[in-house]
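Below is one structure, written out as structure tokens; the observations come after it.
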Amino acid sequence: MNVYEQVIELAKRRGFFWPSYSIYGGESGFYDYGPLGVMLKDNVIRAWKEAYIAEGGIMIDTPVIVPEAVFRTSGHIEKFSDLATDCPKCHNREKLETVMKASGSELVLKSEDEANEFLQNNTVKCVKCGTRIMKAYESKQMFKIPEQVNSGNLYLRPETAQGIFVNFKLLNTVFRGKLPMAVAQLGKGFRNEISPRQSLLRMKELNMGEVEVFVLPDKKYWKELPNGDQIKFVPKNGPEIFSDVKSAFENGIISSNAMGYFVNKTFRILKSIGLQPENIRFRQQHDDELAHYSVDSWDAEALLDDSWVEIVGIADRNDLKRHQDATGESMSVKVDNSDIIPSIIEPAYGIDRMALSLLMHTFYTRENSFKVLRLPESVAPYHAAVLPLVNKDGLDEMARELHEKILAKDPYVYFDQSGSIGKRYARQDEIGTPYCITLDQDTIKEKTVTVRERDSTKQARISVESLVQHGILDNPEILKFRNSLN
RNA sequence: GCGGGCGUAGUGUAGAGGUUAUCACAGGAGCUUCCCAAGCUCUUGACCCGGGUUCAAAUCCCGGCGCCCGCACCA
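Take the first sequence: its position 79, counting from 1, is numbered 79 in this note's numbering, and each next residue is one higher.
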């Protein structure tokens with residue numbers, strides 16, 4: 001079994017995530033987060049959000065349902081509902097328009113029915129192998145809301161970004177007219193994937209964390225570039241290079257300060273939630289794979305088993321002008337007495353992909369075959385578990401009482417008294433709980449407990465008092481123990 | 001969406017027309033247990049869905065749904 005399969009098995013068994021609606025046969029493209037998964041996902045979101053708040057970013061929350069006009073402007077309507085053909089022989093897929101032109105027809109067909117009728121009555125051939133094509137299909141990548149009585153067409157958003165763009169002026173006013181400005185939005189996006197696969201990697205309903213950084217178009221500057229992180233870059237022209245982002249910018253690998261800055265920031269966020277830095281790289285998209293709105297894009301990719309998977313996309317885009325042209329509403333900002341429409345650097349995070357990647361990057365199997373998630377404290381669903389060594393001499397009761405007291409300081413603490421102590425440690429290792437607090441005979445005598453650290457399995461004695469006073473993560477005795485391990 | 005493979009307890013599996021569907025782990029109750037899935041007793045729990053063939057289907061056939069692998073798609 002590869003790591004992906006092992007993580008999927010663990011996720012379902014312990015309650016991180018599983019396929020949705022399985023008692024009704026399942027519905028592909030949808031996954032539920034289980035009890036532990038919700039906690040993990042929330043922690044990932046918190047790490048992401050706090051990283052941008054600390055950057056001076058502001059947040060917004062806009063509807064998932066969006067009027068058609070917005071997506072006409074953004075180009076999504078045009079780009080995401082193509083009539084297309086699929087060659088019956090070689091399965092080469094083309095836009096209907098392309099195939100028609102190659103067969104000498106300039107007709108523009110609007111609907112699937114119209115196209116099918118034309119293809120039945122005229123000879124249109126596959127541009128690759130020459131086989132006659134008889135059928136067209138409509139490739140719709142956005143979900144359309146069924147006709148409503150009192151409104152025009154509505155769609156489920158395929159990205160959250162437009163909710164920020166359409167509010168640009170209001171946001172910038174709230175931000176007191178300053179640039180650069182970063183606005184983040186967390187929310188669901190919806191994409192009608194043709195074949196959703198790989199669990200959380202390709203869902204029809206996904207959690208997105210998008211940040212729109214509005215910068216001056218001539219400089220695209222955010223902040224001075226740091227040079228502490230060594231990052232693997234794969235530029236579209238030229239060889240793979242291992243470099244800090246400052247040199248990458250100075251050497252022309254990265255085109256703007258802001259792009260470089262947020263590449264580096266993304267690297268740090270991914271590292272902080274538990275992805276392995278050596279298995280992260282930034283790959284620049286080739287011109288033919290760029291989204292319709294993007295002129296340059298760097299993808300953060302994580303190595304999952306043997307393939308590199310896009311986790312975050314950082315695009316250089318320019319949507320404000322389009323909205324200004326479409327609505328007549330000014331999107332410009334006064335800068336040094338001239339009106340400037342800002343450019344946009346957009347780091348777009350796939351929250352679900354981050355969650356799956358961190359499970360895969362932190363998963364490992366001990367020599368005794370026990371499974372461990374080496375989750376950072378900041379994302380682990382539980383910070384600690386309280387365990388009586390044995391269920392006698394009143395230890396179980398003492399453990400319950402201590403658990404109650406710790407909960408007042410930190411709610412993310414589990415209690416378990418079933419099975420043997422070893423079994424309970426193993427259970428916690430498997431869900432990534434960093435510490436286990438065990439009460440034993442000495443607890444009765446001297447009011448101390450052992451704390452066991454997950455990765456080393458080493459233990460230290462700490463006072464009951466410190467737990468009651470400080471909980472787990474800010475506990476000075478636990479901190480001291482943890483530091484002694486490195 | 002196309003082609004191929006596969007759907008049996010929570011997980012991993014055995015069974016290839018015929019009594020109460022195998023085994024392990026996990027789960028629950030109890031006993032035991034002073035530190036890493038120990039042991040003992042008891043116990044919960046499954047043939048993806050629908051149709052067909054048959055005296056009889058988890059098993060054979062057809063359809064659906066789902067998963068996996070390729071191709072395609074992936075703003």
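Just so you know, even glycine gets a beta-carbon here, dropped at the ideal spot from N, CA and C.
A quick note: this is a predicted structure, and the numbers were derived from the prediction, not measured.
Asn207 sits in a strand when the DSSP states are folded into three classes. Membership of Glu446 in the alpha helix (DSSP H) is indicated by the continuous run 441-446. Around the CB of Ile65, fewer than 16 other CB atoms lie within 10 Å, so the residue is classed as exposed. As the crow flies, the alpha-carbon of Arg366 is around 11 Å from that of Thr457.
Excluding the 5 residues flanking it on each side, Pro217 has same chain C-beta neighbours closer than 6 Å at Ser343, in chain order. Residue burial is scored here from C-beta neighbours: Asn257 has at least 16 other C-beta atoms within 10 angstroms and is therefore classed as buried. Here Asn391 is exposed. Its C-beta has fewer than 16 other C-beta atoms within 10 Å. For Tyr349, the beta-bridge partners assigned by DSSP are Gly209, Val312. The region 301-318 makes contact with the region 344-352; the number of CB pairs closer than 8 Å reaches 3 or more. The continuous stretches of beta strand (DSSP E) do not include Met39, which lies in the alpha helix (DSSP H) extending over residues 35-53. Beta bridge pairing from DSSP links Lys125 with Arg132. Under DSSP, Tyr4 forms no beta bridge with any residue. Rounded to whole angstroms, the separation of the alpha carbons of Gly56 and Leu395 is 49 Å. The Cβ atoms of Ile269 and Ala51 lie closer than 9 Å to each other. Note: Met398 is not bridge-paired with any residue in the DSSP secondary-structure output. Looking at the DSSP output, Ser343 shares a beta bridge with Val215.
Here Glu147 is exposed. Its C-beta has fewer than 16 other C-beta atoms within 10 Å. For Gly209 against Ala182, the beta-carbon gap comes to about 12 Å, at or over 8 Å, which does not count as contact.
In the three-state reduction of the DSSP assignment, Ile478 falls in the helix class, which pools H, G and I. Within its own chain, the residues whose Cβ lies closer than 6 Å to the Cβ of Gln284, once the five positions on either side in sequence are excluded, are Pro235, Lys236, Trp298, listed in chain order. In this structure Ser74 is buried. Its beta-carbon is surrounded by 16 or more other beta-carbon atoms within 10 angstroms. Per DSSP, reduced to three states, the secondary structure at Leu10 is helical. In terms of CA proximity to Val124, Leu96 leads the group Ser151, Lys144, Leu96, Pro277. By the neighbour-count criterion, in which 16 or more other beta carbons inside 10 Å mark a residue as buried, His292 falls on the exposed side. Going by beta carbons, Arg14 and Ile431 fall inside the 9 Å limit.
Setting aside the 5 residues that flank it on each side, Gly34 is surrounded in the same chain by Gly15, Phe16, Phe17, Trp18, each with a C-beta closer than 7 Å to its C-beta; the list follows chain order. In terms of Cβ geometry, Gln141 and Val70 do not form a close pair [threshold 9 Å].
When DSSP states are grouped into helix, strand and coil, Asp296 belongs to the strand group.
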